[in-house]
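Structure first, commentary second.
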Amino acid sequence: MNQTRKAVSAAVRLSNLEVGFQGQTLLHIEDFHVNPGEVLAITGPSGIGKTSLLKTIAGLLRPISGYVQVCGATIPNRPERGSIGYIPQKLGLVRHSSVWANVMLGSRAGNPRSSSRARATSAIEDLGLIEKKNEPVKRLSGGQQRRVATARTLAQRPRLILADEFLSELDDETSERVVKSVLNYVRENDAAMILVEHDISRAREISDRLLVIDDGRLNPFITDTSIMEV
Amino acid sequence: MAKIDSELRELLISVTFLLFSFWIILKLTSGAVWDWNGWSVIEPQSYPPCEANRFLQFTCSTAWIGMIETIKIAILATFFGMILSLPMGLLSSRNLFPQYITYPSRALVSACRSLPSLIWAIIFVILVGLGPTAGIMAMTIYTVGYLGKMQYEAIEGMNSAPLEAANAMGLTKAEVSLWVVIPETANHLIAQMIFMFEYNVRSGTVIGIVGAGGIGYYINLYLKFLQYEKVGAYLFIIFMVVMLIDLVSIYLRSFFTDESENNKPTWKGVLFPKNYVKTTHLIEN
Chain G
1 MNQTRKAVSA
11 AVRLSNLEVG
21 FQGQTLLHIE
31 DFHVNPGEVL
41 AITGPSGIGK
51 TSLLKTIAGL
61 LRPISGYVQV
71 CGATIPNRPE
81 RGSIGYIPQK
91 LGLVRHSSVW
101 ANVMLGSRAG
111 NPRSSSRARA
121 TSAIEDLGLI
131 EKKNEPVKRL
141 SGGQQRRVAT
151 ARTLAQRPRL
161 ILADEFLSEL
171 DDETSERVVK
181 SVLNYVREND
191 AAMILVEHDI
201 SRAREISDRL
211 LVIDDGRLNP
221 FITDTSIMEV
Chain L
1 MAKIDSELRE
11 LLISVTFLLF
21 SFWIILKLTS
31 GAVWDWNGWS
41 VIEPQSYPPC
51 EANRFLQFTC
61 STAWIGMIET
71 IKIAILATFF
81 GMILSLPMGL
91 LSSRNLFPQY
101 ITYPSRALVS
111 ACRSLPSLIW
121 AIIFVILVGL
131 GPTAGIMAMT
141 IYTVGYLGKM
151 QYEAIEGMNS
161 APLEAANAMG
171 LTKAEVSLWV
181 VIPETANHLI
191 AQMIFMFEYN
201 VRSGTVIGIV
211 GAGGIGYYIN
221 LYLKFLQYEK
231 VGAYLFIIFM
241 VVMLIDLVSI
251 YLRSFFTDES
261 ENNKPTWKGV
271 LFPKNYVKTT
281 HLIEN
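If you're matching them up, the sequences are chains G and L in order. My numbering applies: residue 1 is where the first sequence begins, and numbers increase by one. My numbering applies: residue 1 is where the second sequence begins, and numbers increase by one.
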């Protein structure tokens with residue numbers, strides 16, 4: 001009974017999913033779910049299908065086969081507008097636009113639309129970007145750009161955050177600030193988060209659960225010896 | 001002997017080459033370009049009487065009136081062409097819309113481009129009569145075809161990450177176009193528009209020949225009267241104006257690059273691109 005309730009309320013549920021390109025399977029997932037309020041980290045070597053998995057959940061990549069349910073919608077149906085906040089590895093910022101315009105982009109996608117400006121301002125303040133508000137993104141450093149991408153997602157108020165190595169290039173202090181903002185948001189709003197992270201110690205620190213992609217499958221991270229295997 | 005600065009040397013080579021080109025033109029046209037009778041085209045027309053002051057008398061000449069009309073046609077055609085081609089460019093981009101939208105849109109853009117502006121001018125002269133209106137319409141249609149293609153290629157070449165982030169958020173196609181695609185490709189779109197204006201000035205000189213307004217009308221007129229020295233003077237004026245617009249266009253386009261804010265372009269930089277000078281230095285060393 002409890003299991004059934006979990007299945008209905010899961011932020012993400014995947015079963016018998018095959019992810020890959022042009023018919024070639026990179027990853028096979030038998031059963032997987034992420035609950036609201038949960039932070040899940042995925043790690044594994046490069047080119048093994050971590051980003052493809054995130055894109056599949058975001059609805060950007062069509063799965064080869066299987067069942068994908070995200071925020072109550074089953075793919076190919078789209079979840080409600082603004083439900084998914086995606087921070088790609090390359091951040092996906094509009095480089096010629098200002099910090100404000102980029103954050104407003106996320107804010108406009110979120111709900112309610114009437115408070116979009118207030119949400120954008122709050123996210124910019126949270127991530128310490130208020131002085132850079134009117135600067136074009138292309139003039140910012142790599143770390144500052146990562147903060148803008150995070151602010152855009154927080155201003156959106158999504159039910160699910162998908163982040164692809166969003167902490168790389170950040171110094172320890174900024175990284176801590178970004179993590180704190182994101183985790184606060186996740187806990188306070190009962191949102192779910194899936195992040196791809198190469199740094200296993202950081203992934204363990206942030207997440208509630210850590211999975212390792214190994215041999216084309218998602219396996220639970222168990223012991224320190226597994227780190228070496230990855 | 002002091003070493004001649006490489007930039008000065010390049011200037012001397014350019015000027016010599018230009019003079020040599022003029023000499024060739026002079027020989028090929030049997031002196032028609034330098035027949036001073038031909039330069040009466042920059043004198044004010046006898047009718048209507050010129051009311052400009054004596055330093056601005058040239059503004060009443062056929063050369064000035066024709067050239068200004070050609071430039072006006074080019075400005076309007078580029079403006080209307082840009083307004084119409086931008087939605088077409090967006091609808092033709094395969095990274096934004098599915099094939100059932102991009103194919104018909106591309107077909108329409110190709111259809112606009114399939115006929116040269118001269119043929120469009122003949123069609124519009126038949127439809128709306130002689131004059132610059134036909135010229136504006138003809139060049140607008142051609143601009144949609146040409147600019148539309150350049151735009152969808154620029155859009156398809158943009159970084160996919162902002163599109164992925166916007167699509168994951170659930171933004172509509174209109175919102176993605178307005179807030180992501182246009183700002184992200186703005187440099188390309190503006191540079192292409194400036195290039196198209198330059199192109200339209202050049203082709204605007206031709207469409208006048210079929211009666212669609214501009215300086216081409218006068219060229220056609222004097223060709224019929226066999227006054228080749230005047231035709232030569234018009235061609236020389238067109239050459240000078242096109243060259244000037246070309247330089248201004250290069251200068252303006254150099255503002256719309258990713259690096260433009262760090263390296264504000266200078267006229268010297270346009271005439272003697274730095275990379276080229278550096279390369280020659282390297283070769284010398």
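The C-beta atom is built at its ideal place from N, Cα and C for all residues, glycine as well.
Along chain G, which residues have their Cβ under 8 Å away from the Cβ of residue i?
i, result
"V180 (chain L)", "V94, L105"
"E164 (chain L)", "K55, A58, L60, Y86, P88, G92"
"P183 (chain L)", "V94, H96, S97, A101"
Tell me the DSSP secondary structure of residue i in three-state form.
i, result
"E80 (chain G)", "coil"
"L60 (chain G)", "coil"
"Y67 (chain G)", "strand"
"A134 (chain L)", "helix"
"F166 (chain G)", "coil"
"D246 (chain L)", "helix"
"L183 (chain G)", "helix"
"D214 (chain G)", "strand"
"A73 (chain G)", "strand"
"S6 (chain L)", "helix"
"S46 (chain L)", "coil"
"D31 (chain G)", "strand"
"R157 (chain G)", "coil"
"I206 (chain G)", "helix"
"I48 (chain G)", "coil"
"E131 (chain G)", "helix"
Out of the options, point me to the one whose CA is closest to residue i's CA.
i, options, result
"A154 (chain L)", "L:I42, L:H188, L:A168", "L:H188"
"R54 (chain L)", "L:G81, L:A63, L:T62, L:E43", "L:E43"
"G47 (chain G)", "G:A203, G:F21, G:S15, G:E30", "G:F21"
"G232 (chain L)", "L:E10, L:G38, L:L11", "L:G38"
"C112 (chain L)", "L:E7, L:T143, L:M82", "L:T143"
"A191 (chain G)", "G:H28, G:R157, G:A203", "G:R157"
"Q227 (chain L)", "L:S40, L:V128, L:A191", "L:S40"
"L171 (chain L)", "G:E30, G:P88, G:P79", "G:P79"
"I206 (chain G)", "G:L27, G:T43, G:A73, G:N16", "G:T43"
"G23 (chain G)", "G:I64, G:A41, G:L60, G:A151", "G:I64"
"I83 (chain L)", "L:G145, L:A212, L:L28", "L:G145"
Cα separation between residue i and residue j?
i, j, result
"R147 (chain G)", "M104 (chain G)", "14 Å"
"K138 (chain G)", "Y251 (chain L)", "22 Å"
"I57 (chain G)", "M88 (chain L)", "32 Å"
"W100 (chain G)", "E135 (chain G)", "8 Å"
"R159 (chain G)", "N219 (chain G)", "25 Å"
"T205 (chain L)", "Y234 (chain L)", "10 Å"
"G148 (chain L)", "G92 (chain G)", "25 Å"
"Q57 (chain L)", "M243 (chain L)", "24 Å"
"Y185 (chain G)", "A163 (chain G)", "14 Å"
"F124 (chain L)", "A168 (chain L)", "46 Å"
"F256 (chain L)", "R13 (chain G)", "46 Å"
"E173 (chain G)", "R95 (chain G)", "25 Å"
"I29 (chain G)", "D215 (chain G)", "11 Å"
"A10 (chain G)", "H33 (chain G)", "6 Å"
"S181 (chain G)", "E188 (chain G)", "11 Å"
"D199 (chain G)", "V212 (chain G)", "12 Å"
"I25 (chain L)", "A121 (chain L)", "29 Å"
"E198 (chain L)", "I215 (chain L)", "15 Å"
"V39 (chain G)", "A203 (chain G)", "10 Å"
"K50 (chain G)", "R9 (chain L)", "58 Å"
"I87 (chain G)", "L183 (chain G)", "15 Å"
Please compile the residues from chain G whose C-beta is within a distance smaller than 9 Å of the C-beta of residue i.
i, result
"G252 (chain L)", "One point to set straight first is that residue 252 (chain L) is Leu, not Gly, in the sequence displayed. Within 9 Å Cβ-Cβ: nothing; L252 (chain L) doesn't reach chain G, min ~17 Å."
"N159 (chain L)", "K90, G92, R95"
Since residue i meets chain L, which of its residues come closer than 8 Å, beta carbon to beta carbon?
i, result
"I84 (chain G)", "A168, M169, G170"
"R209 (chain G)", "None at all; the shortest Cβ gap to chain L is about 22 Å."
Which residues of chain L have a Cβ atom closer than 7 Å to the Cβ of residue i, listed in chain order?
i, result
"A109 (chain G)", "M169, G170, L171"
"R202 (chain G)", "Within 7 Å Cβ-Cβ: nothing; R202 (chain G) doesn't reach chain L, min ~23 Å."
Mind listing the chain L neighbours of residue i? Cutoff is C-beta to C-beta under 9 Å, in chain order.
i, result
"R81 (chain G)", "M169, G170, L171, T172"
"R119 (chain G)", "The premise fails here: R119 (chain G) is roughly 13 Å from chain L at the closest Cβ pair, so nothing lies under 9 Å."
(message) What are the residues in the region 46-61 of chain G lying within 8 Å of chain L by C-beta distance?
(response) K55, A58, G59, L60
(message) At a CB distance below 8 Å, what residues from the region 185-212 of chain L approach chain G? Give them in sequence order.
(response) A186, N187
(request) Residues of the region 148-173 of chain G with a CB closer than 9 Å to any CB of chain L: list them in chain order, please. (result) A149, R152, T153, Q156, P158, L162
(message) Beta carbons nearer than 9 Å to chain L: which residues of the region 66-79 of chain G have them?
(response) R78, P79
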